[in-house]
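First comes the structure, then the notes that go with it.
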Amino acid sequence: MKRIQEITSVFATPDYLVNRNLTISNKNGALLYNPDMTDSLLVSRLLVALENCREWRITAKKIAQNVSSVAETSLTCDIEKARDSVLSGDAIVVVDGVEQMVIINLRKWDKRAIAEPPTATVMRGPREGFIEDVKTNLSLLERRLKSPAFAIEKLTVGRVSNTTVAIVYLSNIVDKALVREVRARIKSIDVDAIIDSHYLQPYLEDRPFSLFHQTGVTEKPDIVASKLLEGRVAIIVDGSPMVITVPFMLIEDYQSSEDYYERASLASFLRIIRVLALFFSILLPGLYVALEQYHYSVIPMRFLLTVMTAVNGIPLSPITEILFVILLFELIREASVRMPRAVGMAMSIVGALVLGDTAVKAGIISSPAVMITALSSIALYTAPNQEGTLTLLRVVFTLIGGLGGMYLLLVGILYLLLYLCSLNGFGVPYMAPFAPLIKQDLGDSVYRVSLLRMDKRPVSIKNTNANRYGENNGKR
Amino acid sequence: MEKGKQISTKQFVCLEFLTSIAIKMFMLPALILRTVGKDGYLVMVVHILFEFITLTFLLITAKRNPDKTLFDILRDSCGRVLSRVIVGVTVMFLFVKSVIVTGEIKIFFNIIMYRDINWAVLILPLLALAGAFAVRPLRAMGRTAELITPVVLLATLVLSALLFGELQLDNLLPFLGEGIQPVTKGILTFPMWFGDVTVMMLFLGNIKISKGFVVGAYASKIVSSLLIMLFSVVLFSAYANISTLIDYGNNVSNMTQLSLGSQEYGRFDLLFYCIWLLSVFIKFSALFTLIVRSTRFIVTKGSDHLHAFVCALALYIVCVFVFNNEESVFLFATSPVKYFLYPVVYVLPLFLTVASLIKYKPNYHDLPLKGGLKCRNK
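So the sequence lines, in the order shown, correspond to chains A and B.
Residue numbers 1 to 476, in this note's numbering, belong to the letters of the first sequence in order.
Residue numbers 477 to 854, in this note's numbering, belong to the letters of the second sequence in order.
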């Protein structure tokens with residue numbers, strides 16, 4: 001049929017598509033679908049339904065009515081749209097003399113089971129994680145936010161991949177200008193393919209070349225639901241389990257979903273630990289090098305004697321020693337991520353114990369250096385989303401401390417603070433609620449107040465409905 | 477005015493605190509002690525009182541004209557040519573002040589923190605930092621100041637606690653034992669180390685004035701002044717009768733070292749000094765930002781980055797080649813050239829207030845009417 005030929009003419013190898021000739025109400029028709037992306041059982045039912053379609057004057061609408069018991073249908077005259085539907089796993093029914101084509105949703109492909117995401121394990125709270133299917137991901141959110149205000153806008157991005165990107169928000173809370181801005185930025189993308197949600201990040205960030213990510217990324221639906229309730233917008237990409245949320249503030253990487261499933265006091269303690277870990281991770285090696293190399297008078301005498309005894313005879317300078325140990329750690333870390341599980345355990349032992357222990361015993365590196373770097377490395381993982389950034393910063397500050405001591409460290413720290421304070425994302429300061437100081441939001445920053453007191457949404461993020469709770473919330 | 481990128485009242489108060497507390501605890505107490513003697517604290521008291529007066533003028537100007545910058549007021553009141561001359565003199569003052577700040581930073585690190593440093597190399601990161609502040613909106617400086625002020629305040633309070641035990645007020649007696657003349661000489665010699673209100677003029681027209689603006693500004697000035705006086709009086713009282721023994725670098729950090737006692741605890745006071753030094757870097761960056769904006773006012777062509785680069789280069793040449801030792805800086809800052817620059821410290825804030833009161837006097841016909849009447853009978 002001519003229209004079928006028009007649809008399949010641009011395919012490189014149209015033979016993999018199934019083009020089945022039909023007779024529908026004594027008229028010639030055709031069914032076109034991709035067998036790799038359709039449910040064969042539904043195809044059989046569709047054929048039966050089409051066979052039973054006997055109308056005096058057949059129209060696309062009547063065909064759609066007849067097959068509606070099999071799957072959801074829509075109508076189109078557009079060849080492009082029909083082609084896109086076939087590419088997405090839908091089937092097309094074309095009948096001679098009937099202008100419109102019927103699109104039937106027969107999509108089915110294998111997908112991963114919902115499981116706890118490896119990047120966000122918790123001891124308390126939900127363990128569901130997003131998967132690569134956008135429909136499943138949306139259902140995970142819809143189950144948590146059963147509200148008519150829950151809005152989903154679907155866009156198609158990527159000339160080749162035609163990836164479905166869903167913009168999700170709560171229309172009675174979000175600032176509409178934010179939604180418009182997000183939509184405009186995504187619509188401006190003109191690329192071949194969007195393989196993962198991270199492909200969208202540069203377009204959503206004000207400073208895409210920055211070391212610091214300016215969008216939130218998570219695999220957990222409970223986190224996304226909470227963020228939507230604060231007035232944020234979530235972007236779900238088909239094919240990626242990582243959901244992006246905007247706007248983003250630095251403090252979010254130091255908050256865990258578990259903080260809201262624990263007592264406020266414990267959650268506050270853990271958050272303080274994480275923030276302290278931030279300083280340990282990036283400053284500890286640099287500070288150690290600066291003090292050992294230039295300002296040893298700062299170190300108390302007993303510690304100084306221990307350190308000096310430990311570093312006595314080490315052939316490397318403090319900065320070279322620390323950089324070498326950092327390099328060792330990074331090699332072990334990268335290899336342990338990539339290596340097959342069968343040899344993972346053995347190689348980890350070789351790397352960590354043998355290399356580290358042997359190098360210290362051989363007198364190439366000192367035990368304080370190993371300890372400092374190990375502590376810094378462990379501290380990195382209190383904020384897994386910042387791990388890459390903090391790793392690089394750690395090396396930079398080590399270099400700074402080794403080359404210029406406390407003076408350069410101070411200049412470096414101030415420059416870093418200035419940089420962070422000048423970052424904004426969708427009009428929201430990156431360092432909020434600390435700089436600028438927003439007192440109302442401090443109750444859910446480094447410390448967390450009781451859930452009973454968190455009755456207002458964050459002021460840092462514009463919203464149209466500031467109250468979380470009703471007037472009589474908790475009253476007995 | 478940087479629309480949408482102004483600093484808040486809280487940030488202004490934080491900047492006021494940081495710029496006030498910055499360089500007056502470096503070499504200044506030692507210099508005053510050597511020049512004036514044990515009554516040198518009176519020099520500090522007088523200059524701090526002058527700073528309160530100039531701060532008052534600045535606050536009046538800021539409150540009455542919240543959207544007018546320093547340059548707007550000068551241009552509107554003096555015209556294009558005279559305003560550029562005034563700004564030119566201001567740039568010279570700021571330049572000298574910047575040279576003093578970098579000189580004192582160099583002394584601190586050279587004598588106390590390091591064995592020896594190559595300042596020609598190490599000044600470059602400081603200039604880069606100042607340049608980074610200068611090319612960004614003032615809001616970034618305000619936020620950074622807001623972030624570090626509690627930490628700097630805490631560090632200064634810890635140092636104050638260490639020093640408080642060393643206070644020996646008896647050594648300051650008798651009051652004006654050597655007469656009023658040394659004090660007068662000190663008042664006329666050291667204005668270049670004061671005049672912090674000048675750098676705060678950078679923020680005129682870029683402050684979101686809200687409740688507590690005036691009270692907050694005065695409060696931060698009072699707190700910073702008390703801390704400065706404590707640091708200075710401790711030094712004055714300790715070296716009151718042996719002021720000839722004090723030397724460059726032999727400043728307040730030696731007092732905290734004395735307070736700590738043995739090496740058992742290490743010189744952890746130096747870490748607190750380093751935290752306090754963040755305020756010095758902020759002040760230097762604010763000075764540099766005002767220099768860059770002033771040169772952009774005088775020479776309107778060129779981008780911010782170009783102006784920042786040229787100013788940094790000029791400052792580098794002056795700091796490294798022209799005033800390449802501490803003595804030359806201090807001799808220059810205390811030379812008769814200071815009389816040429818005094819008006820920037822004392823007269824400019826007053827001038828701005830008067831000029832803005834005259835120039836932006838509300839038109840009688842524009843004033844809102846009482847009783848809901850819509851127009852006046854002319």
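By construction, the Cβ of each residue, glycine as well, lies at the ideal position given by its N, Cα and C atoms.
All values derive from a computational prediction rather than experimental measurement.
Chain B contact residues for residue i, given Cβ-Cβ distances below 9 Å
| i | result |
| --- | --- |
| TYR294(A) | MET589, TYR590 and ARG591 |
Close beta carbons around residue i, own chain, < 6 Å, minus the five adjacent residues each side
| i | result |
| --- | --- |
| THR632(B) | LEU703 and TRP752 |
| TYR203(A) | ARG185 and ILE189 |
| PHE689(B) | THR485 |
| MET617(B) | PHE609 |
| ASP222(A) | PRO126 and SER257 |
Three-state secondary structure (DSSP) of residue i
| i | result |
| --- | --- |
| ALA151(A) | strand |
| ARG107(A) | strand |
| GLY662(B) | helix |
| LYS850(B) | In this prediction, LYS850(B) has a pLDDT of 49, which is less than 50 and means its spatial position is unreliable; nothing more can be read from the coordinates. |
| ARG124(A) | coil |
| ARG263(A) | coil |
| LEU639(B) | helix |
| THR156(A) | strand |
| ILE683(B) | strand |
Residue nearest to residue i in terms of C-alpha spacing, selected from the options
| i | options | result |
| --- | --- | --- |
| LEU507(B) | PHE773(B), GLU803(B), TYR815(B) and TYR822(B) | GLU803(B) |
| PHE585(B) | VAL411(A), VAL157(A) and ARG476(A) | VAL411(A) |
| ASN465(A) | GLY313(A), ALA267(A) and LEU228(A) | LEU228(A) |
| TYR407(A) | ALA693(B), THR665(B) and ASN594(B) | ASN594(B) |
| ALA369(A) | ASN385(A), VAL233(A), GLU292(A) and SER460(A) | GLU292(A) |
| GLN386(A) | SER348(A), THR398(A) and PHE212(A) | PHE212(A) |
| SER162(A) | VAL86(A), ALA193(A) and VAL18(A) | Rather than Ser, the amino acid found at residue 162(A) in this sequence is Asn. Taking only the C-alpha atoms, the option nearest ASN162(A) is ALA193(A). |
| GLU6(A) | VAL48(A), PHE279(A), ILE92(A) and LEU353(A) | ILE92(A) |
Close beta carbons around residue i, own chain, < 8 Å, minus the five adjacent residues each side
| i | result |
| --- | --- |
| ASP96(A) | MET1, LYS27, ASN28 and GLY29 |
| PHE329(A) | THR373, ALA374 and SER377 |
| VAL446(A) | ILE251, TYR254, SER268, ARG271, ILE272 and VAL275 |
| ASP592(B) | ASN586 |
| THR810(B) | THR665, PHE666 and MET668 |
Interface partners of residue i on chain A, CB under 7 Å
| i | result |
| --- | --- |
| GLY579(B) | Simply none; closest approach about 14 Å. |
| SER484(B) | PRO436 |
| PHE744(B) | VAL298 |
| ALA616(B) | LEU418, CYS421 and SER422 |
Proximal residues of chain A, C-beta to C-beta of residue i below 8 Å
| i | result |
| --- | --- |
| PRO542(B) | Simply none; closest approach about 18 Å. |
| GLN487(B) | PRO436 |
| PHE764(B) | The premise fails here: PHE764(B) is roughly 13 Å from chain A at the closest Cβ pair, so nothing lies under 8 Å. |
Partners in chain A for residue i, counting only beta-carbon separations shorter than 9 Å
| i | result |
| --- | --- |
| PHE679(B) | Simply none; closest approach about 15 Å. |
| TYR741(B) | PRO300 and MET301 |
| ARG769(B) | Residues of chain A passing the Cβ test: none, with the nearest at roughly 17 Å. |
| PRO601(B) | ILE400, GLY404, TYR407, LEU408, VAL411, GLY412 and TYR415 |
Cβ of residue i within 9 Å of any chain B Cβ
| i | result |
| --- | --- |
| LEU178(A) | no |
| MET301(A) | yes |
| SER297(A) | yes |
| ILE413(A) | yes |
| GLY425(A) | no |
| GLY402(A) | no |
| LEU304(A) | yes |
| ASP175(A) | no |
Partners in chain B for residue i, counting only beta-carbon separations shorter than 8 Å
| i | result |
| --- | --- |
| LEU417(A) | THR620, LEU623 and ILE624 |
| PRO429(A) | ARG619 |
| TYR469(A) | Neighbours of TYR469(A) on chain B: none; closest Cβ ~28 Å, over 8 Å. |
Residue-level contact to chain A via CB, residue i, 9 Å cutoff
| i | result |
| --- | --- |
| ALA498(B) | no |
| ILE683(B) | no |
| CYS750(B) | yes |
| ASN726(B) | Residue placement at ASN726(B) is flagged as unreliable, the pLDDT there being 49, under the threshold of 50; the coordinate-derived value follows with that caveat. Output row for ASN726(B): interface = no. |
| PHE689(B) | no |
| PHE757(B) | yes |
| ALA608(B) | yes |
| LEU754(B) | yes |
Close-in-space but distant-in-sequence residues of the same chain around residue i (CB under 7 Å, 5 per side omitted)
| i | result |
| --- | --- |
| VAL756(B) | ALA498, ILE499, VAL577 and ILE581 |
| LYS854(B) | Below a pLDDT of 50, predicted positions are generally treated as unreliable, and LYS854(B), at 42, falls in that range; the measurement from the model is reported next regardless. If we look at LYS854(B) and ignore the five residues flanking it on each side, it has no Cβ neighbours. |
| ILE400(A) | GLY286, LEU408, LEU409 and GLY412 |
Within-9 Å CB hit, residue i to chain D
| i | result |
| --- | --- |
| LEU747(B) | Among the protein chains in the structure shown, which are A and B, there is no chain D. |
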